[in-house]
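Asks:
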Amino acid sequence: MNRTNEGVLVRVPAAGVLLEGNLTVAPRSAGIVMFAHGSGSSRHSPRNRAVARALNDGGLATLLVDLLTPAEESEDEQTGRLRFDIDLLAERLVDAADWLSENEETSALPIGLFGASTGGGAALVAAAQRPNTIRAVVSRGGRPDLAGAALSRVKAPTLLIVGGQDYPVIEMNQEAFERLRCEKKVEIVPGATHLFSEPGALEEVARLARDWFRRFLTPPAAEFRKSREREPEARS
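Heads up: take any position in the sequence shown, counting from 1, add 2, and you land on the working numbering.
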């Protein structure tokens, strides 16, 4: 591991490749949030880094991980294909979650997923596949509709955050919301567009995400250990 000003640089094994990520463990962390980027973004996204800093300040650890290798990112810049390969992205999120569960520094921390754009759909598919490991999901301007049939199998409490001016995405989120069977909530940030670039919009996203994760990533220790023991092997 190499330490940078963005946290500790880690390499996470996933489906036969190594994914690069930045791990930041806050003192006495209540849980850890893994970021699922999408639509051509990466762990260096200034928006997700801003949210991650707010989560760290709120006592949560974070892992910002690139779900594509550098070669795949180069291909995706030309074709835009891999960013919509939800099954691939979800598989790598599952493998990264398993790595967090085995890593000495993070194994005791409940895991949440923060998904943006197509990463929102991948996060929900991963949550459906690891119902006892992934304890909460937040989607920012996401495409939860891309999770398809997995939506009805998600057990993790899910918060969908959408900009009030992001009209097509609002509709997609509302349709996905109706299909979720877990504890759920939609938050519309007034006046915000897809990238939440308006003054105060991203700060509101960070506040909503922090409060959601702190609420759901603090289960009783005994309950958390028991749920890990019951974790299914299959990725149905």
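The C-beta atom is built at its ideal place from N, Cα and C for all residues, glycine as well.
Closer than 7 Å to a non-hydrogen atom of the ligand SAH - does that hold for the CB of A152?
Replies: Annotation note on the ligand SAH: not contained in the displayed structure, which lists no ligands.
Asks: Determine contact between the segment 91-102 and the segment 113-124, defined as no fewer than three beta-carbon pairs at a distance below 8 Å.
Replies: Yes: the two stretches touch, three or more of their Cβ pairs being nearer than 8 Å.
Asks: For T135, which of helix, strand or coil comes out of DSSP?
Replies: Here T135 sits in coil by DSSP.
Asks: Give the secondary structure of F198 by DSSP, where H, G and I count as helix, E and B as strand, and everything else as coil.
Replies: Coil, per DSSP.
Asks: What would DSSP say about T71, mapped onto helix, strand or coil?
Replies: In the structure shown, T71 sits in coil (DSSP, three-state: anything other than H, G, I, E or B).
Asks: In chain order, which alpha helix (DSSP H) runs of at least 4 residues are fully inside the segment 123-195?
Replies: Entirely contained in the segment 123-195, the alpha helix (DSSP H) runs reaching 4 residues are, in chain order, 169-181.
Asks: Rounded to a whole number of angstroms, what is the C-alpha to C-alpha distance between F86 and T120?
Replies: Roughly 6 Å between the two C-alpha positions.
Asks: DSSP three-state label for N105, please.
Replies: It is coil, neither helix nor strand.
Asks: Could you check if G33 is buried or exposed, using at least 16 other CB atoms within 10 Å of its CB as the buried criterion?
Replies: Result: buried.
Asks: Would the segment 207-221 count as touching the segment 44-59 if we require 3 or more Cβ pairs under 8 Å?
Replies: Contact holds: three or more Cβ-Cβ distances are below 8 Å.
Asks: Is it the case that the segment 9-17 contacts the segment 194-202, given that we only count it when at least three CB pairs across the two stretches are under 8 Å?
Replies: They do not touch, by the three-pair rule.
Asks: CA-CA distance, L84 and A38?
Replies: If I take the Cα positions, the gap works out to 14 Å.
Asks: Taking the CB atoms as reference points, tell me whether G123 and G143 lie closer together than 8 Å.
Replies: No, Cβ-Cβ distance for G123 and G143 is not below 8 Å.
Asks: Look at V127 and L161 and say whether their C-beta atoms are less than 8 Å apart.
Replies: Their beta carbons are not under 8 Å apart, which means V127 does not touch L161 by this criterion.
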